[in-house]
Amino acid sequence: MWNMKHDLFFLASIIDLDQISSFITDGAAIQNYYWANQFAYSLVHDRKYLHMWFSLWGVFHKSDLCEPLKKLSVFLPKQPWIILELACWRWHNSGYLYSHYPEHTYFWCDLSDEQLSYSPENGVVYTKGNFHDLSSFSSESCDVVFIIEALCHSSMKELVFKEVFRVLKPWWKFVVIDWYGWSKILSKDELKALELTAKWMCVYGVEPYLAVCDYAEWAWFELNYEEDVSLAVLPSMERLKRRTSWLWNLGMLSRNFFSFFPRVFSGNYVAAYLMPTLIVTWAAEYWFSVFEKK
């Protein structure tokens, strides 16, 4: 069932895999990617939340949607403090936390002007900005900073850690929920699948989890907590693959779809097809990590 060579062979019968290597990933491409996929996310995933869901028992359930945020909430301070979400895209992550922990003040920071249309009525303050430059926040002004499935879009992760370290108060936390390349030696097919997934999702080269931990250590963070949740997100990924499977069974219409629609829109369907196999074969992994400013 989980065969990387078979998956790549099947995709090659529909799209030109070699052409994907020439795609350029930059800030503009990332913004276009999220703008173009607003409808696709709402159609096959969820209207509000973009992240993978944590299925604690190995079977997908609708209630799994907020499990990552419930896990994150354990690390929120007990008294009223400042919480900052980076690269939020939409406000619902912070909005969920606000609805359960209204004593805190929530800020969310994103590059796109599109986010203004999603700004909530209260509880969460929108700030336009780049997570490589948090100059709109003063030093030691935040108690918790978190980022969900967006650090992977950075080509300078060490700079993100450095900026977060600056804005955090001593002893407080930076929570990162994201996917990574596996630290083992990968086969040619696994490397190809990772490259394709990264290119289609506008992700700069997929780095191993241990490499990202090294960036955190370089910025003087200490790893406070970590959990490999790869198997927990697998049911959510399998659901995405099932909900997009119709597209791959249309013969010539499938080829026309990928020829007609922009890469930033159609690419998510390729990523949805490959990600479950990447996780099951341990070519990719998904971690919940908490870094502490000492």
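Throughout the sequence shown, residue numbering follows our numbering, covering 1447 to 1740 in sequence.
Cβ coordinates follow ideal geometry from the N, Cα and C atoms, glycine included.
query	result
Completely contained alpha helix (DSSP H) runs for the stretch 1596-1678, where each covers 4 or more residues	1603-1613, 1634-1646, 1655-1664
Opening and closing residue of the alpha helix (DSSP H) in which Ala1458 lies	1450-1458
Rounded C-alpha distance that separates Ile1623 from Ser1700	33 Å
Residue from Phe1620, Ile1631, Leu1693, Phe1455 whose Cα sits closest to the Cα of Glu1663	Phe1620
Trp1625 versus Leu1530 - alpha carbon distance	21 Å
Alpha carbon of Ser1585 to alpha carbon of Asp1462, nearest angstrom	48 Å
Candidates Asp1660, Ser1691, Lys1517, of which the one nearest Lys1603 by Cα	Asp1660
Among Ile1593, Tyr1552, Glu1513, the one whose alpha carbon lies nearest that of Thr1573	Tyr1552
Environment of Ala1458 [buried if 16+ CB atoms lie within 10 Å]	exposed
Endpoints, beta strand (DSSP E) assigned at Lys1739	1730-1739
Residue range of the alpha helix (DSSP H) that includes Leu1699	1698-1706
Opening and closing residue of the beta strand (DSSP E) in which Leu1532 lies	1528-1532
Boundaries (first-last residue) of the alpha helix (DSSP H) holding Lys1517	1513-1519
Val1658 versus Ser1600, Met1647, Val1590, residue with shortest Cα-Cα distance	Ser1600
The stretch 1713-1730 in contact with the stretch 1532-1551 per 3-pair CB rule at 8 Å	no
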